[in-house]
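A.B. asks: What follows is a structure written as structure tokens; I'll ask about it next.
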Amino acid sequence: MKVLIAGGAGFIGSTVASACLDAGLTPVILDNLITGRAEFARDRIFYHGDIADGPLIDKIFAEHPDIEAAVHAAALIVVPESVEQPLRYYRENVAKSIDFVEHLVRNGCGKLLFSSSASIYRPGEDFSVDESSPLAPLSPYARTKALTEAILSDTARAYDLRVVSLRYFNPVGADPAMRTGLQVRQPTHVLGKMILAAENDETFTVTGTDWPTRDGSGIRDYIHVWDLALAHVQALRRFERVLPADGDERYAVVNVGTGTGITVRELLDAFEEVLGRPIRTVEAGRRPGDSPGCYARTERAAELLDWRPTLSVVDGIRHSLRWSQLRDSVLDD
1 MKVLIAGGAG FIGSTVASAC LDAGLTPVIL DNLITGRAEF ARDRIFYHGD
51 IADGPLIDKI FAEHPDIEAA VHAAALIVVP ESVEQPLRYY RENVAKSIDF
101 VEHLVRNGCG KLLFSSSASI YRPGEDFSVD ESSPLAPLSP YARTKALTEA
151 ILSDTARAYD LRVVSLRYFN PVGADPAMRT GLQVRQPTHV LGKMILAAEN
201 DETFTVTGTD WPTRDGSGIR DYIHVWDLAL AHVQALRRFE RVLPADGDER
251 YAVVNVGTGT GITVRELLDA FEEVLGRPIR TVEAGRRPGD SPGCYARTER
301 AAELLDWRPT LSVVDGIRHS LRWSQLRDSV LDD
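Under UniProt numbering, residues 1 to 333 are what the sequence shown spells out, in order.
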């Protein structure tokens with residue numbers, strides 16, 4: 001199977017591409033390299049360009065008419081930045097997604113796997129969510145994901161297109177083979193900031209300590225990025241089981257998480273145990289767009305995708321630390 005991966009040179013997309021290669025699927029990568037890295041597309045079929053570029057996507061399908069499905073993992077993802085630059089986020093994540101899907105439909109691509117986000121959920125009393133839980137996106141970033149899902153659902157009903165949205169939670173780690181990992185030097189997610197604090201002898205800030213969780217810090221579902229990539233592979237392989245071609249359903253949602261909630265303080269404890277020493281910490285208030293968080297109920301993924309996570313948060317920490325040491329030898333800055 002040949003698969004078009006939009007955003008295939010980014011953290012998530014490149015790991016999905018590696019998992020596809022290992023599984024015998026051929027990734028065709030499209031990335032504008034705004035946040036992605038050309039090194040992650042080395043020795044892979046790669047097109048440098050934007051998902052809104054119709055002529056380029058027409059060219060891709062003309063040169064690869066055997067593409068059977070597309071993965072849409074192209075998006076801006078930084079919550080505080082989305083609060084500061086909402087128009088940019090709506091343009092890049094929503095408007096360009098409309099263009100991209102229109103180009104896919106025009107070229108006869110009838111299967112789309114959308115990398116969505118659990119940030120669109122309203123957490124329940126125990127902070128767990130399933131696919132039927134109510135939605136309440138709290139940041140412009142989260143709203144771009146919710147809006148794009150609504151657009152895809154409507155589009156799937158109107159055109160020859162079936163869409164599976166994978167609502168995934170908080171990716172950590174790196175490709176265990178160290179082919180790809182987090183590409184930015186100054187990560188904005190919590191584990192990346194812990195690593196920076198440890199490497200640079202800086203202070204790690206726990207933002208938000210008055211949430212109604214068991215220790216006051218935000219709760220998240222930290223899924224290893226390799227497990228997430230394997231979920232994408234399984235969704236591609238079992239697309240017909242999720243959405244049969246002769247069925248009435250054209251759109252489906254599947255949670256991809258570990259099924260376990262971990263607070264920021266618990267993650268910090270695990271990080272310090274793996275590191276072998278404590279790091280300096282300080283507490284601060286909530287950031288704009290923050291939420292208490294949630295974690296997945298994953299029965300649907302197990303049933304439909306035959307997928308379960310196999311790597312732990314400790315594995316994610318270890319792989320993240322190893323990638324941080326190797327990053328500069330892989331990426332040419």
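All residues carry an ideal CB built from backbone N, CA and C; glycine is no exception.
Since the model is a prediction, treat every value here as computed from it, not as a measurement.
DSSP state of residue 246, grouped into three classes?
C.D. replies: In the sequence shown, residue 246 corresponds to position 246, counting from 1. Three-state DSSP puts residue 246 in coil, outside helix and strand.
A.B. asks: Taking C-alpha atoms, which residue in 155, 67, 234 lies nearest to residue 304?
C.D. replies: Here the question's residue 304 lines up with position 304 in the sequence shown. Closest option to residue 304, Cα to Cα, is 234.
A.B. asks: Measuring straight from C-alpha to C-alpha, what distance separates residue 236 and residue 113?
C.D. replies: As a working mapping, residue 236 is identified with position 236 in the sequence shown. As a working mapping, residue 113 is identified with position 113 in the sequence shown. Computed Cα separation, rounded: 8 Å.
A.B. asks: Looking at the strands, I want to know which residues DSSP matches up with residue 70.
C.D. replies: Position 70 of the sequence shown, counted from the start, is the residue given in the question as residue 70. In DSSP, residue 70 forms a bridge with 4, 112.
A.B. asks: Of all the options 164, 322, 209, 270, which has the alpha carbon lying nearest to the alpha carbon of residue 254?
C.D. replies: Along the sequence shown, one-based indexing puts residue 254 at 254. Ranking the options by Cα distance to residue 254, first place goes to 164.
A.B. asks: Roughly how many whole angstroms lie between the Cα atoms of residue 205 and residue 188?
C.D. replies: By one-based count along the sequence shown, residue 205 stands at place 205. By one-based count along the sequence shown, residue 188 stands at place 188. Distance between the alpha carbons of residue 205 and residue 188: 12 Å.
A.B. asks: To the nearest angstrom, how far is the alpha carbon of residue 109 from that of residue 302?
C.D. replies: Looking up residue 109 in the sequence shown gives position 109. Looking up residue 302 in the sequence shown gives position 302. Rounded to the nearest angstrom, the two C-alpha atoms are 26 Å apart.
A.B. asks: First and last residue of the beta strand (DSSP E) that includes residue 206?
C.D. replies: Counting from 1 along the sequence shown, the entry for residue 206 is found at position 206. Run containing residue 206: 203-207, per the beta strand (DSSP E) assignment.
A.B. asks: For the stretch 224-273, list the alpha helix (DSSP H) runs that are entirely contained and at least 4 residues long, ordered along the chain.
C.D. replies: Within the stretch 224-273, the complete alpha helix (DSSP H) runs of at least 4 residues are 225-237, 239-242.
A.B. asks: How would you call residue 52, buried or exposed, if buried means at least 16 neighbouring beta carbons within 10 angstroms?
C.D. replies: Translated into positions along the sequence shown, residue 52 becomes position 52. Buried is the call here.
A.B. asks: For residue 327, which option in 296, 218, 244, 186 has the closest C-alpha, if you only look at C-alpha atoms?
C.D. replies: In the sequence shown, counting from the first residue as 1, residue 327 sits at position 327. Closest by alpha carbon: 186.
A.B. asks: With a floor of 4 residues, list each alpha helix (DSSP H) that falls wholly inside the stretch 138-169, ordered by position along the chain.
C.D. replies: Counting whole runs of 4 or more residues, the stretch 138-169 contains the alpha helix (DSSP H) stretches 140-158.
A.B. asks: Can you list, in chain order, the residues of its chain with a C-beta nearer than 6 Å to that of residue 194? Leave out the 5 residues immediately preceding and following it.
C.D. replies: As a working note, residue 194 is residue 194 in the sequence shown. Within the same chain, residue 194 has close Cβ partners 204, 271.
A.B. asks: Among 127, 33, 14, 59, which one has its Cα closest to the Cα of residue 27?
C.D. replies: Looking up residue 27 in the sequence shown gives position 27. Closest option to residue 27, Cα to Cα, is 14.
A.B. asks: If you scan the stretch 164-200 from start to end, which runs of the alpha helix (DSSP H) of 4 or more residues do you find wholly inside it?
C.D. replies: Taking only runs of at least 4 residues, the alpha helix (DSSP H) segments lying wholly in the stretch 164-200 are 190-200.
A.B. asks: Leaving out five residues before and five after residue 66 in sequence, what residues of the same chain have Cβ atoms less than 6 Å from its Cβ?
C.D. replies: Here the question's residue 66 lines up with position 66 in the sequence shown. Cβ within range, chain order: 2.
A.B. asks: Quickly, what does DSSP pair residue 31 with across the bridge? List them, please.
C.D. replies: Your numbering for residue 31 matches position 31 in the sequence shown. Looking at the DSSP assignment, residue 31 forms a beta bridge with 48.
A.B. asks: CA-CA distance, residue 82 and residue 209?
C.D. replies: Within the sequence shown, residue 82 is the residue found at index 82, counting from 1. Within the sequence shown, residue 209 is the residue found at index 209, counting from 1. Taking the straight line from one Cα to the other gives about 22 Å.
A.B. asks: Quick check on the burial criterion: 16 or more other C-beta atoms within 10 angstroms. Buried or exposed for residue 200?
C.D. replies: Sequence index remark: in the sequence shown, residue 200 carries index 200 (1-based). Its Cβ having fewer than 16 others within 10 Å, residue 200 is exposed.
A.B. asks: Determine the DSSP secondary structure at residue 275, reduced to helix, strand or coil.
C.D. replies: Here residue 275 is taken as the residue at index 275 of the sequence shown, counted from 1. It is helical.
A.B. asks: So residue 15 is in the alpha helix (DSSP H); what residue range does that whole segment cover?
C.D. replies: Indexing the sequence shown from 1 puts residue 15 at position 15. 11-22 is the extent of the alpha helix (DSSP H) around residue 15.
A.B. asks: Roughly how many whole angstroms lie between the Cα atoms of residue 300 and residue 34?
C.D. replies: Residue mapping note: residue 300 aligns to position 300 of the sequence shown, counting from 1. Residue mapping note: residue 34 aligns to position 34 of the sequence shown, counting from 1. Taking the straight line joining both Cα atoms gives about 34 Å.
A.B. asks: What does the Cβ neighbour count give for residue 37, buried or exposed, with the cut at 16 atoms within 10 Å?
C.D. replies: For the purposes of this step, residue 37 is taken as the residue at position 37 of the sequence shown. It is buried - the Cβ of residue 37 has at least 16 other Cβ atoms within 10 Å.
A.B. asks: For the stretch 153-171 against the stretch 240-253, do three or more pairs of beta-carbon atoms, one drawn from each stretch, fall closer than 8 Å, so that the two count as touching?
C.D. replies: The stretch 153-171 is in contact with the stretch 240-253.
A.B. asks: How many angstroms separate the CA atom of residue 192 from the CA atom of residue 132?
C.D. replies: Residue numbering aside, residue 192 sits at position 192 when the sequence shown is read from its first letter. Residue numbering aside, residue 132 sits at position 132 when the sequence shown is read from its first letter. So the alpha carbons of these two residues sit roughly 31 Å apart.
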